[in-house]
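Numbering (the numbering used here), first residue to last: 12 to 340.
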C-alpha cells in the first residue's frame, strides 16, 4: 500500500484548511506543516505535525543552514521531512485552499484523459472553464493565440498532477487588477494531459508529486515569491519529458478562500515571469539531460544561472537539497 503525505507552509494560526485536511486525511496521510519565523508559537491540530523553525533545524537537513526565512521556500523542509518519513507521493497545498471530500482520494500516476499535443504553450483553463482566464505564469503574448491543437484520448504516466481550485483560482495580478471579482467554478471533466513539448504553468496550491519526481519539488529561494512555484513548474515539466513522464491537470478538489494580497506587489513579483518565461523554456529545452532526476535538476539550474535568469547563489541551495535527498535514500 502506498503512503501519502500532505505538506503545507504557513505563517498563520491553524486555518480552516488545516482542520479540514486533518479531518479528511489525518488517519491515512502524514500531514506536515512547515512554519516560519512569523508563525504563532502554538500550533496544535490533531494528526498534524507542525515544524517550527527550531524543529526544522533539529531535523539536520543541510538545506536548512542556508534556506531563507520569511519565505515560501520553507516548504522545502516539509518536503524533505515527508520524504524521510517514507512518503510515496506528496500532496501539497496552501493554508487558504479548503478541501472538498474527494481531496487526496484515488491517487494514481497512471492518468487516462485528453492528451494535448503539437503546441508549445497551452492554456489548460480553457478546457475547464468558458471564462477568459489564464493560469498565473502564462505568457501574456499567448493569451489570444489561435494555434491549431491536436487532441486525442489516451493514458500517460503523470508523475506530477495539478488539481485546480474553485471560487478564487490561481490567476495573475494583471487579470485581477483589470477584472471585477467573481467566483469561478471549474467544470468536472476528465483530466487533461500535456504531451511532450506542451507547457502550461502549474502551481503549488493543490499538486501531487510522485516519488520518482521528488527532486523536482525544490522551490527556488532567490526568485520572486510569485515565481518560485511557477519557475519550479517550468523546470519540472521539461525534465519530466526527459524521463518519459508528463504533467496532468484535474478538476478541482479544493476551493480557495484567498488570503489578503497586495495586487500591485503581486504584479511587481510577476514581472520577471512576464519577461522571462519564454526564455526559460528555450534554455531548458536546449539541455541534453542525463543521469538521475537530481542530476537533471542541477543541470537545469546551472543552465539558468549561465543564462543570468537565476543568481548563482541558488546553486548552493540546489546542491544542499540534492545532498539531503541522497542522504535520505
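Where is the CB? At the ideal position from N, CA and C, for every residue including glycine.
Item: Close Cβ partners of residue 337 (< 8 Å) along its chain, the five nearest in sequence each way excluded; Value: 305
Item: Distance between residue 26 and residue 135 (C-alpha atoms, nearest Å); Value: 29 Å
Item: Own chain partners of residue 179 with C-beta closer than 6 Å, once the 5 adjacent residues on each side are dropped; Value: 267, 269
Item: Touch test, the segment 103-115 against the segment 135-154, Cβ-Cβ under 8 Å, three pairs minimum; Value: no
Item: Bounding residues of the beta strand (DSSP E) (the contiguous stretch that carries residue 351); Value: Since the displayed the chain opens at 12 and closes at 340, residue 351 lies outside it and no answer follows.
Item: Inter-residue Cα distance where the pair is residue 334 and residue 284; Value: 29 Å
Item: Paired residues, beta bridge with residue 173 - DSSP; Value: 218, 260
Item: Where the beta strand (DSSP E) through residue 60 begins and ends; Value: 60-62
Item: Cβ of residue 86 within 8 Å of any chain D Cβ; Value: Among the protein chains of the structure shown there is no chain D, as only one such chain exists.
Item: Unbroken alpha helix (DSSP H) run spanning residue 325, endpoints; Value: 325-339
Item: Per-residue DSSP class, three states only, for residue 244; Value: helix
Item: Spatial neighbours of residue 91 in its chain, beta-carbon cut-off 6 Å, leaving aside the 5 residues before and after; Value: 72, 335
Item: Cβ neighbour criterion (16 or more within 10 Å) applied to residue 57; Value: exposed
Item: Pick from 323, 17, 132 that is closest to residue 249, judged by C-alpha positions; Value: 132
Item: Residue 284: first and last residue of the uninterrupted alpha helix (DSSP H) it sits in; Value: 274-296
Item: Segments assigned beta strand (DSSP E), at least 3 residues, entirely inside the segment 68-123; Value: 100-104, 108-110
Item: Same chain, Cβ closer than 7 Å to residue 77, neighbours up to 5 away in sequence not counted; Value: 327, 328, 331
Item: Cβ contact (3+ pairs, closer than 8 Å) linking the segment 302-316 and the segment 238-255; Value: yes
Item: Outcome for residue 65 when other beta-carbon atoms lying within 10 angstroms are tallied against a minimum of 16; Value: exposed
Item: Proximity to residue 70 [Cα-Cα], best of 55, 94, 59; Value: 94
Item: Contact set for residue 230: own chain, Cβ-Cβ below 8 Å, skip 5 residues either direction; Value: 83, 84, 86, 87, 215, 239, 240, 243
Item: Strand pairing of residue 205, partner residues [DSSP]; Value: 127, 258
Item: Among 23, 47, 50, 16, the one whose alpha carbon lies nearest that of residue 32; Value: 16
Item: Close beta carbons around residue 186, own chain, < 8 Å, minus the five adjacent residues each side; Value: 144, 145
Item: C-alpha distance - residue 99 paired with residue 127, whole-angstrom precision; Value: 27 Å
Item: Strand pairing of residue 195, partner residues [DSSP]; Value: 178
Item: Cα-Cα separation between residue 323 and residue 39, rounded to whole angstroms; Value: 40 Å
Item: For residue 146, three-class secondary structure by DSSP; Value: strand
Item: Close-in-space but distant-in-sequence residues of the same chain around residue 201 (CB under 7 Å, 5 per side omitted); Value: 124, 125
Item: Nearest-angstrom beta carbon gap, residue 81 and residue 120 [assumed within contact, 8 Å]; Value: Not really, about 34 Å apart at Cβ, beyond 8 Å.
Item: Span of the alpha helix (DSSP H) around residue 189; Value: 184-189
Item: Supposed contact pair residue 114 and residue 265 - C-beta distance, whole angstroms, cut 8 Å; Value: 6 Å
Item: Where residue 40 sits in the DSSP three-state scheme; Value: strand
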